[in-house]
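In my numbering, the protein residues as written are 30 to 251. For every residue, glycine included, the Cβ atom is placed at its ideal position computed from N, Cα and C.
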Amino acid sequence: MLRAVIFDMDGVLTDSEPAFYAAINDVLSRYGHHIGIDDYAPLIGSSTPFTWQFLIDRFSMTVPLEEMMEEYDVPLMERLRQPREALPGARNLIERLHLRGVPVALCTASRLHWVEAILPAAGLHGLLDVLVTADNVEHTKPDPAPYRLAAQKLGLPPEQCIAIEDSRNGLASAIGAGCYVVQLRATETAAQPHEGAQAIIHSLDEVPIELLTASSSDDGAG
Numbered sequence: 030m031l032r033a034v035i036f037d038m039d040g041v042l043t044d045s046e047p048a049f050y051a052a053i054n055d056v057l058s059r060y061g062h063h064i065g066i067d068d069y070a071p072l073i074g075s076s077t078p079f080t081w082q083f084l085i086d087r088f089s090m091t092v093p094l095e096e097m098m099e100e101y102d103v104p105l106m107e108r109l110r111q112p113r114e115a116l117p118g119a120r121n122l123i124e125r126l127h128l129r130g131v132p133v134a135l136c137t138a139s140r141l142h143w144v145e146a147i148l149p150a151a152g153l154h155g156l157l158d159v160l161v162t163a164d165n166v167e168h169t170k171p172d173p174a175p176y177r178l179a180a181q182k183l184g185l186p187p188e189q190c191i192a193i194e195d196s197r198n199g200l201a202s203a204i205g206a207g208c209y210v211v212q213l214r215a216t217e218t219a220a221q222p223h224e225g226a227q228a229i230i231h232s233l234d235e236v237p238i239e240l241l242t243a244s245s246s247d248d249g250a251g
């Protein structure tokens, strides 16, 4: 019995991942470095401390981790505040779930103040019942803790939640928590098909909402 949907944000509700990648290179360029997209891809969905510690080690940088993350936040926020449309079908899907009486949550490895910039810029502010960000957990994706917390806040076991993810780290987190996992491959940064996902889709219009138990329906499904 599936009763709720938990969305990742970057690469699922919006194509915001390029903003993170560009901001990282904004900072690296000040130190004479650059990371290519192929080398960056495995970091998608990781925590910010993990990502920057990896980069510090990769380029043998001497800047302290906390200082580097503070420096990164400035260009990142400038980029995240720029208008960015939601992915096709995102708002319609959330509204259809609301009409069916299905609760929806956000589960992201991004920090809360980034979420508060991204969702309004994409026209999605206030549409999600529950928010779980990197600020809410000690260990973020790929650890299962974020999805377990999102399900807990929804008042459901993870096994009754559909998780929609695009990155390897996000998929590992949702699978580890026990969710019904749908892998969305709608952006250039989406991970390769993951054998642990119950469904692989290329558009949010393909989310199998017919599997959800709901109190009401916009299409006759129960």
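Query                                                                                : Result
Supposed close pair L72, Q82 - CB separation, criterion 8 Å                          : Contact doesn't hold; Cβ gap of about 11 Å is too wide.
Same chain only: Cβ atoms within 6 Å of F36, ignoring 5 sequence neighbours per side : L42, L135, I193
Nearest neighbour of E46, chosen from V34, A115, V210, H63 [CA to CA]                : A115
Cβ pair T88, H62 closer than 9 Å                                                     : Checking the sequence shown, residue 88 turns out to be Phe, not Thr. Cβ distance < 9 Å, so F88 and H62 count as in contact.
A48 burial status per 10 Å Cβ neighbour count (16 or more: buried)                   : buried
Assigned secondary structure, F83 (DSSP; H/G/I helix, E/B strand, else coil)         : helix
Residue of G205, G207, G199, K182 minimising C-alpha distance to L214                : Looking at the sequence shown, residue 214 is not Leu but Arg. If we check each option's Cα against that of R214, G199 comes out closest.
F36 - containing beta strand (DSSP E), residue span                                  : 33–36
Bridge partner(s) assigned by DSSP for L160                                          : L135
The stretch 165–177 in contact with the stretch 144–157 per 3-pair CB rule at 8 Å    : no
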